[in-house]
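First up is the structure itself, then whatever we jot down about it.
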Amino acid sequence: MQPRTIIFLALGLMALVIPLIVKSNYWLYMLTILGIFMILVSSLDLLYGFTGLASLGHAAFFGIGAYCTALFQLKFGFPFLVSLIIGIFLTTLFSTLIGWPMLRIRGPYFALGTLAFGTIITIIIHNWDELTGGVSLSGIPLLPKVELLGLSIDFASKRSYYYIVIFSLFLTILIIRRLMDSKIGRAFESIRENQDLAVALGVNSLRYKLISFATASAIAAGAGGLYANYMGAIEPEIAGSHMSFNLLVMIVVGGPGTITGTIIGPLLLWFVPEFLEAAQAYRPLFFGLLLLLVIIFMPMGIAGRIRAIDPRIDRWIP
Amino acid sequence: MDSIKTVKNSTLLKADMLSVTFGRLKAVDNIDFEIQAGELFGLIGPNGAGKTTIFNAITNTVPISGGSVRFMGKFIHGTKPHEVAKMGVVRIFQSATIFTKTPVLVHIMNGLHCRSTTTYWGALLRTPSFKKEEAGNRKRARELLKFTNLECVEDQPAGSLSWAQQKRLMLATALSVDPKLILLDEPIAGMNADEIAEMIELIKTIRTNGITTIVIDHNMKVMMNICDRMMVMNFGQKLTEGPPETVAQDPRVIEAYLGSSKNDQSQ
Chain A
0 MQPRTIIFLA
10 LGLMALVIPL
20 IVKSNYWLYM
30 LTILGIFMIL
40 VSSLDLLYGF
50 TGLASLGHAA
60 FFGIGAYCTA
70 LFQLKFGFPF
80 LVSLIIGIFL
90 TTLFSTLIGW
100 PMLRIRGPYF
110 ALGTLAFGTI
120 ITIIIHNWDE
130 LTGGVSLSGI
140 PLLPKVELLG
150 LSIDFASKRS
160 YYYIVIFSLF
170 LTILIIRRLM
180 DSKIGRAFES
190 IRENQDLAVA
200 LGVNSLRYKL
210 ISFATASAIA
220 AGAGGLYANY
230 MGAIEPEIAG
240 SHMSFNLLVM
250 IVVGGPGTIT
260 GTIIGPLLLW
270 FVPEFLEAAQ
280 AYRPLFFGLL
290 LLLVIIFMPM
300 GIAGRIRAID
310 PRIDRWIP
Chain B
0 MDSIKTVKNS
10 TLLKADMLSV
20 TFGRLKAVDN
30 IDFEIQAGEL
40 FGLIGPNGAG
50 KTTIFNAITN
60 TVPISGGSVR
70 FMGKFIHGTK
80 PHEVAKMGVV
90 RIFQSATIFT
100 KTPVLVHIMN
110 GLHCRSTTTY
120 WGALLRTPSF
130 KKEEAGNRKR
140 ARELLKFTNL
150 ECVEDQPAGS
160 LSWAQQKRLM
170 LATALSVDPK
180 LILLDEPIAG
190 MNADEIAEMI
200 ELIKTIRTNG
210 ITTIVIDHNM
220 KVMMNICDRM
230 MVMNFGQKLT
240 EGPPETVAQD
250 PRVIEAYLGS
260 SKNDQSQ
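In the order they appear, the protein sequences are chains A and B. Using numbering that gives the first Met the number 0, you'd call the opening residue of the first sequence number 0 and step up by one each time. Using numbering that gives the first Met the number 0, you'd call the opening residue of the second sequence number 0 and step up by one each time.
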């Protein structure tokens, strides 16, 4: 077993035992949201860190997934899991339709295009009151109690939801790792490294960018669905450019293309500021300063910087 | 060796009145040439003669403004650039264009992309056919690693290799596509004598294995030595074409390379 896998499994084990130690509902709540953020950031990392596509509209897919999941429960009374799957499916379909024209453009134009797309989605959610509830959509049902083999599992409880999120996070990382360790992931990386050379070697760049884009959107939609049911209420801002921008900053600061980076990013830029209640007003300043420092001193992000210290350390950083 | 002889004398690539223009500049001006299967064909000429543009036209990465290029009887334009590679035409770029962060072995595996049949779900579910193909790909990549003498740097990122190693890595990556025609743009530029000798050995072996090769280079001595036939270009036009000995004697070639001899005579 590789050292990186050992660390990864150790972290996973730690995540599993945390609720046995942490009894406070507040802390479990915080950790659950952190987990949802990690899923979301991992999905953007597939796009940015591995495929080299800097999307400034990734939160839009998180939002679409959240709203779809919520609305199918509220309007049609579908169960959570069915709504979640429909939400993921519709978002994937939508992202493919959007990606088809958008992924032909390169570099800054792609970033600007996705930024505009995210803004459009937020405005649509905001103004389509009858469907989306406008400024806020509330009353999303909690998960039911399930009797299974004589065991009663209350999915509405903070602890079981925490485990659902951790399981989803693990699944996300597994999907991304398996894709990356295949012809498909190699095509992603070759496009990131040098698209012209990738094409010269027979990689259909548009096709593989679309695969990366659709996969990332599907995962983001899943995170959105989890978020909607956990919070019980959602606002259009979760799909907005501010959110998208924060996600990208989390990856750049954490370290693109690493699992560690997707942990450090949300931890440093969401968890810590959220915890330091007093620092709320200074959060943008904190974001800006940190981003500036990282870009100048650690172009590969914090995880990348740690890896670069020594090849022996590199082997242990997942 | 018999099999190579049988594939010879069949046209692999054929350009008819090929022209490529950039604005008013005729980068390639009405050129005809034919390349036989198994041949090692040289493309020489001063800088800006249009040699690389011919490679761009063959791989369909630049729009053709006139004429046509046919590979195994099939028109190249109209196919997408990534499909050209799948047809069996691979190029190596002039500067060492590589995936700098990619480890060497994985770099070579990138070339196996269009010969792999792995599906999205196959990769996610790790099906037996996926595992088998990946093992096969790894094995093939290792063979090419050995062939290009890069075994000692297997895990290093491609960008950390020396210039000559990077060129050999690109050759290995191109070979992993399993090409019928390989286009080498200045494969020995910027190398020392030993590195040049190593690269020439590789190019010769590739030809012996039946892969047709077109080489662009400025090193006349090497080109004369390795090429079966060569074409000389100047200002987008074909000056002459033929075996190296004939080409070297051609007064137009000498003029293009050494400047006008007419002026000398008139003085």
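Here a beta-carbon is modelled for each residue, glycine too, at the ideal position from N, C-alpha and C.
Just mark residue i as buried or exposed, buried being the case when its beta carbon has 16 or more other beta carbons within 10 Å.
| i | result |
| --- | --- |
| A/TYR318 | Given that chain A is displayed from residue 0 to residue 317, the structure contains no residue 318 of chain A and the question cannot be resolved. |
| A/ALA14 | buried |
| A/TYR160 | buried |
| B/SER159 | exposed |
| A/THR261 | buried |
| A/ILE294 | exposed |
| B/GLY22 | exposed |
| B/VAL221 | buried |
| A/ASP44 | buried |
| A/THR259 | buried |
| B/CYS151 | exposed |
| A/ASN126 | exposed |
| A/MET0 | exposed |
Which residues does DSSP list as the beta-bridge partners of residue i?
| i | result |
| --- | --- |
| B/ALA14 | B/PHE32, B/VAL68 |
| A/ILE233 | A/LEU136 |
| B/ARG228 | B/PHE40 |
| B/PHE74 | B/ARG69 |
| B/PHE21 | B/LEU24 |
| B/ASN233 | B/GLN236 |
| B/PRO62 | None; B/PRO62 has no bridge partner. |
| B/PRO80 | Its beta-bridge partners do not exist; DSSP assigns none. |
On a Cα-Cα basis, can you pick out the residue from the options that is closest to residue i?
| i | options | result |
| --- | --- | --- |
| B/HIS319 | B/ARG90, B/LYS85, B/VAL89, B/THR60 | No answer is possible for residue 319 of chain B: it lies beyond the span of chain B, which begins at 0 and ends at 266. |
| B/ALA173 | B/ILE253, B/ARG23, B/VAL152, B/PHE98 | B/PHE98 |
| A/ALA115 | A/LEU148, A/LEU142, A/GLY56 | A/GLY56 |
| A/VAL271 | A/SER243, A/ILE174, A/MET249 | A/MET249 |
| B/LEU123 | A/PRO298, A/ILE174, A/THR113 | A/ILE174 |
| A/ARG103 | A/LEU33, A/ILE190, A/ILE163, A/ALA58 | A/ILE190 |
| A/HIS241 | A/ILE63, A/THR118, A/PHE169 | A/THR118 |
| A/LEU290 | A/VAL252, A/GLY256, A/LEU275, A/ILE263 | A/VAL252 |
| B/GLN155 | B/SER18, B/THR239, B/GLY37, B/ILE107 | B/ILE107 |
| A/LEU39 | A/ILE84, A/LEU148, A/LEU168 | A/LEU168 |
| A/LEU184 | B/GLU153, B/GLN248, B/VAL105 | Note that residue 184 of chain A corresponds to Gly in the displayed sequence, not to Leu. For A/GLY184, the nearest C-alpha among the options comes from B/VAL105. |
| B/ALA36 | B/ALA157, B/ALA163, B/ASN208, B/LEU168 | B/ASN208 |
| A/ILE32 | A/TYR229, A/TRP99, A/MET101 | A/TYR229 |
| A/PHE396 | A/LEU284, A/ILE263, A/LEU142, A/ALA219 | Lying outside 0 to 317, the shown extent of chain A, residue 396 of chain A is not represented and no answer is given. |
| A/GLY34 | A/VAL164, A/ASP180, A/TYR108, A/GLN1 | A/VAL164 |
| A/SER135 | A/ALA65, A/ILE5, A/LEU46, A/ALA217 | A/ALA65 |
| A/ALA238 | A/ALA199, A/LEU27, A/GLY62, A/THR91 | A/GLY62 |
| A/PHE88 | A/GLY254, A/HIS125, A/ILE218 | A/ILE218 |
| A/ALA302 | A/PRO265, A/PHE244, A/ARG158, A/SER137 | A/PRO265 |
| A/GLU273 | A/ARG3, A/ILE6, A/LEU30 | A/LEU30 |
| B/PHE146 | B/SER128, B/LYS203, B/THR96, B/PHE74 | B/LYS203 |
| B/ILE195 | B/ASN224, B/HIS217, B/ALA163 | B/ALA163 |
| A/LEU209 | A/GLY221, A/THR91, A/ALA232, A/SER181 | A/THR91 |
| B/LYS13 | B/THR20, B/ASN46, B/ALA56, B/GLY44 | B/ALA56 |
For residue i, I'd like the list of residues in its chain whose CB is within less than 8 Å of its CB, leaving aside the five on either flank, ordered along the chain.
| i | result |
| --- | --- |
| B/GLU133 | THR117 |
| B/MET16 | ASN29, ILE30, ASP31, GLY65, GLY66, SER67 |
| B/ASP263 | Here the model assigns B/ASP263 a pLDDT of 47, short of 50, so the residue's position is not dependable, and the following value carries that caveat. Hits under 8 Å: none found. |
| A/ALA110 | ALA53, SER54, LEU55 |
| A/ALA9 | none |
In the DSSP assignment, the beta strand (DSSP E) including residue i goes from what residue to what residue?
| i | result |
| --- | --- |
| A/PHE270 | It is not in any beta strand (DSSP E) - A/PHE270 carries neither H nor E in the DSSP assignment. |
| B/VAL214 | 211 to 215 |
Identify, in the order they occur along the chain, each residue of the same chain with its Cβ nearer than 6 Å to the Cβ of residue i, setting aside the five sequence neighbours on each side.
| i | result |
| --- | --- |
| A/ARG306 | ASP313, ILE316 |
| B/VAL214 | GLY41, LEU183 |
| B/MET198 | PRO186, ILE187 |
| A/THR68 | SER82, LEU83, GLY86, GLY224, ALA227 |
| B/GLY235 | LYS25, ALA26, VAL27, ASP28, GLY49 |
| B/ASP249 | THR239 |
| A/ARG304 | MET297 |
Just reading off the alpha helix (DSSP H) that residue i is part of, what are its end residues?
| i | result |
| --- | --- |
| B/GLU240 | Careful: B/GLU240 lies outside any alpha helix (DSSP H), inside the beta strand (DSSP E) at 236 to 241. |
| A/THR131 | 128 to 131 |
| B/ILE181 | B/ILE181 -> not in any alpha helix (DSSP H); beta strand (DSSP E) instead, spanning 180 to 184. |
| B/ILE202 | 192 to 207 |
| B/THR51 | 50 to 57 |
| B/ARG90 | Here B/ARG90 belongs to no alpha helix (DSSP H); instead the beta strand (DSSP E) covers 88 to 91. |
| A/THR90 | 79 to 101 |
| A/ILE320 | As displayed, chain A neither begins before 0 nor continues past 317, which places residue 320 of chain A out of reach and without an answer. |
What residues in its chain sit with their C-beta under 7 Å from that of residue i, if we drop five residues either side in the sequence?
| i | result |
| --- | --- |
| B/ARG90 | PHE54, THR58, LEU182, ASP184 |
| A/VAL202 | ALA186, SER189, ILE190 |
Against chain E: residues of the stretch 102 to 122 of chain A by CB proximity under 7 Å: Structure shown: chain E not included; protein chains present are A and B.
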